[in-house]
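K.L.:
Would you mind keeping the following structure in view while I ask a few things?
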Amino acid sequence: MRFRDSLGSVAKALESISTWTEMHSSAKAKTLLAAIKDGEFLVTIICLADMLAHTLPLSRLFQRQCIDVRTAKNALVDTMAVLDKRRVDSAETFSQLYKDAVVLADELETEIRSPRITKRQTYRCNAPMPDVESYYRTAVYAPLLDNVLTDLKSRFTVEAESAYELFLFVPSQSHATKEDDKKYLANISRRYSAFMGTNVSTTAKMAEAELGLWRQKWMREAEDGREVPTTAAGALDTCDREIFPLIHTFLQILATLPDRTTISLDTAAQAVDTESSKSWLPEVPFRSLLFLPRELSP
844 MRFRDSLGSV AKALESISTW TEMHSSAKAK TLLAAIKDGE FLVTIICLAD MLAHTLPLSR
904 LFQRQCIDVR TAKNALVDTM AVLDKRRVDS AETFSQLYKD AVVLADELET EIRSPRITKR
964 QTYRCNAPMP DVESYYRTAV YAPLLDNVLT DLKSRFTVEA ESAYELFLFV PSQSHATKED
1024 DKKYLANISR RYSAFMGTNV STTAKMAEAE LGLWRQKWMR EAEDGREVPT TAAGALDTCD
1084 REIFPLIHTF LQILATLPDR TTISLDTAAQ AVDTESSKSW LPEVPFRSLL FLPRELSP
């Protein structure tokens, strides 16, 4: 979005550089200037800025050090519902975006045109449309919405959502999910009872009892002015395995879940760094197993 706002200044800088006598720099500047004045580029920038405006609140929420389970899930559902509606009403929603793209093109002293349509085309959209707006709505806006929605659905699967239920045991979040305790505990017990060596029903009852004692402990600690843990790793450090064996195990699972399944709450920066590292580090089998925070390393 900042790039879109500064595009006019970028164009002026490139125009200035393109007049230099130094041929290498001026040639590159002319190439870049032609690229940013391309109609498809301008429409895409406007569409991306609009898309990011709708997903930015979700991004900020999921980068918090500590997020509430229900809030995170509801924000995700609401964001996807908004994007779905914009996809259904794409003819109406894109109309204003196209007008913004035309205004931006005027600022850059260029014009938005649809590319030449041929009978056979392999590398770009070749749909015959009655006007330029319809072409870019079909070629740029609709596919962009579809890709974002598909990506969100693939990242936040039912499996990933079930992992969020383990955040129930992070003390700073316990107060926010009381009405869903039984449902969460039943799901957690079904999923992880094999780790406990007991059946699902027994695990659920024991977990419910431990959770009540766990919450009471942190109510007392908070009243005494002590800091309440906001991360799985922090909660694990303060969890007595003899008193809370199930919660201790659940916190271990939460703290070592793969970052592809859920977002680690240890630090937002850690999650961002892990994702950015994957863009250039080679994929190896062990990298997809467990994410182990530094404080949990042996």
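Counting in the numbering used here, the sequence shown runs from 844 upward without gaps.
We put the CB at the ideal spot given by N, CA and C, even for glycine.
Please read these numbers as outputs of a predicted model, since none were measured by experiment.
So which of 923, 884 and 869 has the shortest CA-CA distance to residue 901?
P.N.:
923
K.L.:
Can we say the region 993-1001 touches the region 1043-1053, given the rule of at least three CB pairs closer than 8 Å?
P.N.:
no
K.L.:
Thinking C-beta only, is residue 919 closer than 7 Å to residue 999?
P.N.:
yes
K.L.:
Hey, how far is the Cα of residue 948 from the Cα of residue 1035?
P.N.:
Their backbone Cα atoms lie some 56 Å apart in a straight line.
K.L.:
What does the alpha-carbon distance come out to for the pair residue 1069 and residue 1013?
P.N.:
Taking the straight line from one Cα to the other gives about 15 Å.
K.L.:
What three-state label does DSSP hand residue 916 in the structure shown?
P.N.:
helix
K.L.:
Could you give the DSSP three-state label for residue 1064: helix, strand or coil?
P.N.:
helix
K.L.:
Please state whether DSSP places residue 863 in a helix, a strand or coil.
P.N.:
coil
K.L.:
For residue 915, which option in 1096, 1005 and 1061 has the closest C-alpha, if you only look at C-alpha atoms?
P.N.:
1005
K.L.:
Let me confirm a value: residue 1040 is counted as buried when at least 16 other C-beta atoms fall within 10 Å, else exposed. Which label applies?
P.N.:
exposed
K.L.:
Using the rule of at least 16 other Cβ atoms within 10 Å of the residue's Cβ for burial, across every protein chain shown, is residue 950 buried or exposed?
P.N.:
So residue 950 ends up on the exposed side.
K.L.:
Is the beta carbon of residue 873 sitting closer than 7 Å to the one on residue 861?
P.N.:
Their beta carbons are under 7 Å apart, which means residue 873 touches residue 861 by this criterion.
K.L.:
Less than 7 Å between the beta carbons of residue 1009 and residue 937, yes or no?
P.N.:
No. Outside cutoff.
K.L.:
Short of 7 Å in beta carbon distance, which residues of its chain neighbour residue 954, apart from the five on each side in sequence? Order them along the chain.
P.N.:
948
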